[in-house]
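Participant: Before I ask anything, here is the structure I am working with.
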Amino acid sequence: APAAAAAAAPPPPPPPNPLETSLLVGYCGAPGAKALGRMTGDLAEASRGLRRQIEAFPAGRPITPVVELIATTVHRSPGADGMYRSRCDEGTVRDYLDAARALKGLLLLNIQPGRADFLPEVKAYERWLTEPDVGVALDPEWAVEPGVVPGKKFGRTTGAELDDVARYLGALADAHRLPAKVMVYHQVAASVVRDEQLLHAHHGVSVVKVVDGIGSATAKKATWKTLMTTMPGHVRPGFKLFFEEDTRRGAALMSPADVMALNPAPAYVVYE
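Written out as structure tokens, the structure is:
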């Protein structure tokens, strides 16, 4: 129904592109799923936690808060259409967009596609992507081939498939006269994105590659170094930290100063 699709709060006037002028720092999450990140439950309380996290970053560069909603969630069971994923409802997107706007930040819709392809999953949220402050985060670790059950082994994507999404988002931004869409792709291991150079630059979209390496600072830095070598020149770097997994064996979570000392310095830092 049209009423259900109405955006909750009017968007603030958008900056030309927050990636040009600021560092992005975010929390990810989804309703009722603490394992997916801290942006869950009471979103106002979660947002206060994100604000505290942002305050720990070195002074000097403006910071734009990011709310990364796991919008399409992968499952181990096939579901009605056999795609091993479900999409969140309009009310959930609206609640998370409200939280992002209360922070004067951005909402990213994270896609874990299961056996579906990225482009149709992204297009399913087109009504939200025509908002000036909503982008996407693609998670190819959960993009599996026919016959594969998600979670049994890493999924994967290609630069060409990412390019299809980037082209679509750029055209959408141009058609609706929106600021550049932020498009993130997460990468946990080299095998997860093949032929990365086939992801080209497009007007109307700004792409960030977030390295999702898990473990100690030493392990994370090694994954960072490896995955930075294949990143296309027009793509900005991003870094993910895990409150639980990174600290399991008594290791300390990397501090904001540690993260910003990486080379190249991340443009987006996200916490799960």
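The opening position of the sequence shown corresponds to residue 1324 in my numbering, with each subsequent residue numbered one higher. Using N, Cα and C, we set each Cβ at its ideal position, and we do this for glycine too.
1) State the CB to CB distance for the pair residue 1580 and residue 1560, rounded to an integer number of angstroms; the pair is presumed to be in contact (CB under 8 Å).
2) According to the neighbour-count rule (16 or more other Cβ atoms, all chains shown, within 10 Å of its Cβ), is residue 1395 buried or exposed?
3) Buried or exposed for residue 1356, going by 16 or more other Cβ atoms inside 10 Å?
4) Cα-Cα, which of 1586, 1588 and 1576 is closest to residue 1376?
5) Quick one: using the 10 Å Cβ neighbour count with 16 as the cut-off for buried, is residue 1367 buried or exposed?
6) Taking the C-alpha atoms as reference points, what is the distance between residue 1409 and residue 1462?
7) Measuring straight from C-alpha to C-alpha, what distance separates residue 1399 and residue 1455?
8) Do you know whose CA, among 1530, 1594, 1352 and 1363, lies nearest residue 1536's CA?
9) Assign residue 1344 to one of two classes, buried (16 or more other C-beta atoms within 10 Å of its C-beta) or exposed (fewer than that).
10) Mind reading off the beta-carbon distance from residue 1430 to residue 1388? Whole number of angstroms is fine, and I expect it under 8 Å.
11) Which whole-angstrom value describes the C-beta separation of residue 1437 and residue 1397, a residue pair presumed to lie in contact below a C-beta threshold of 8 Å?
12) Could you please give the first and the last residue of the uninterrupted alpha helix (DSSP H) stretch that includes residue 1376?
Facilitator: Judging by the given coordinates:
1) On the sequence shown, residue 1580 is found 257 positions in, with the first residue counted as 1. On the sequence shown, residue 1560 is found 237 positions in, with the first residue counted as 1. No, residue 1580 and residue 1560 are not in contact; Cβ-Cβ is about 17 Å, not under 8 Å.
2) For the purposes of this step, residue 1395 is taken as the residue at position 72 of the sequence shown. Flag for residue 1395 reads buried.
3) Taking the first residue of the sequence shown as position 1, residue 1356 is located at position 33. Exposed.
4) Translated into the one-based positions of the sequence shown, residue 1376 becomes position 53. Among 1586, 1588 and 1576, the Cα nearest to that of residue 1376 is on 1576.
5) For the purposes of this step, residue 1367 is identified with residue 44 of the sequence shown, where counting begins at 1. Per the 10 Å Cβ criterion, exposed.
6) The sequence position of residue 1409 within the sequence shown is 86, counting from 1. The sequence position of residue 1462 within the sequence shown is 139, counting from 1. Spanning the two alpha carbons is a distance of roughly 14 Å.
7) By one-based count along the sequence shown, residue 1399 stands at place 76. By one-based count along the sequence shown, residue 1455 stands at place 132. Between residue 1399 and residue 1455, the C-alpha separation is close to 34 Å.
8) Translated into the one-based positions of the sequence shown, residue 1536 becomes position 213. Checked all of 1530, 1594, 1352 and 1363; the closest Cα to residue 1536 is 1594.
9) Numbered from 1 along the sequence shown, position 21 holds the residue referred to as residue 1344. So residue 1344 counts as exposed.
10) On the sequence shown, position 107 is the one that residue 1430 refers to. On the sequence shown, position 65 is the one that residue 1388 refers to. No, residue 1430 and residue 1388 are not in contact; Cβ-Cβ is about 10 Å, not under 8 Å.
11) Against the sequence shown, residue 1437 aligns to sequence position 114. Against the sequence shown, residue 1397 aligns to sequence position 74. Rounded, the Cβ-Cβ distance is 5 Å, consistent with contact.
12) Position 53 of the sequence shown, counting from 1, holds the residue named residue 1376. Note, residue 1376: alpha helix (DSSP H), 1366-1378.
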